[in-house]
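Enquirer:
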């Protein structure tokens, strides 16, 4: 699976959009980009995933660059409950196992 | 949909005893389940991959005789920490492999906090 790189921490004002970047420059053609988040002392929560097209669901939007070497997770209107560690992962379709990196610790500030 | 439960949510035990943690997929069948361990301020570390009806595959450095995994049905996997010691105290998280938009996706349980005295 491709290695991903994320900033260790970010702040976002409550009510504003949170844009979390992820670099996956070595991603291969059959690897999806998945995003999870982990709120303190809970299990990770699936957010969204994509292959090459931009995706949107009730939680977030995922923007993948045309060359697929990076992506951005967008939380359109961040709330205090969005404070969490966000993990970006690139895995093949078989999804046999996932290696979690350190992620980005997002703090939403009132 | 795609809910995974774990039981117990937290457990405290004495050194030398064994502890069993259950992981259930509530609304989907999980042929494959994963077990992770997370120490404070660290990321999740994959311990093993569990496939229904077959032996689990353990990651390097994880003792299979100490962390016994049983995946006897499509909705239940168990992790037994045998002869637990204080260094086994950790947050144990399982996940089940489900499907989202026709793509394999892991769904995680809420975790089990194990404290060994």
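Protein chains in written order, with my numbering: chain A, 2 to 111; chain B, 85 to 201. Just so it is clear, CB atoms sit at the ideal spot from N, CA and C, and this is done for glycine as well. Owing to the predicted nature of the structure, the values given are computational and were not obtained by experimental measurement.
Let's see if you can read the secondary structure: which residues bound the beta strand (DSSP E) around residue 24 (chain A)?
Expert: Per DSSP, residue 24 (chain A) belongs to the beta strand (DSSP E) from 19-24.
Enquirer: Can you tell which of B:110, B:185, B:172 and B:134 has the C-alpha that lies nearest to the C-alpha of residue 155 (chain B)?
Expert: With distances taken between Cα atoms, residue 155 (chain B) lies closest to B:134.
Enquirer: Are the CB atoms of residue 52 (chain A) and residue 61 (chain A) within a distance shorter than 9 Å?
Expert: No, they are not a contact pair.
Enquirer: With a threshold of 6 Å on Cβ separation, who are the neighbours of residue 101 (chain A) within its own chain once the five nearest residues in sequence on each side are excluded?
Expert: Excluding sequence neighbours, residue 101 (chain A) sits near 88.
Enquirer: CB-CB under 7 Å to residue 47 (chain A), same chain, minus the five flanking residues each way: which ones, in chain order?
Expert: Closer than 7 Å at the Cβ level, and outside the excluded window around residue 47 (chain A), lie 37.
Enquirer: Residue 16 (chain A) touches chain B at which residues, Cβ-Cβ below 9 Å?
Expert: Near residue 16 (chain A) there are no residues of chain B at all, since even the closest Cβ is about 28 Å away, more than 9 Å.
Enquirer: Could you tell me which chain B residues have their CB closer than 7 Å to the CB of residue 53 (chain A), listed as they occur along the chain?
Expert: What residue 53 (chain A) touches in chain B: nothing, since even the nearest Cβ is about 13 Å away.
Enquirer: By the 10 Å Cβ neighbour count, where 16 or more other Cβ atoms means buried, how is residue 14 (chain A) classified, buried or exposed?
Expert: By the neighbour-count rule (16 or more Cβ atoms within 10 Å), residue 14 (chain A) is not buried but exposed.
Enquirer: Considering only the alpha carbon of each residue, which of A:111, A:49, A:2 and A:16 lies closest to residue 30 (chain A)?
Expert: Ranking A:111, A:49, A:2 and A:16 by Cα distance to residue 30 (chain A) puts A:2 first.
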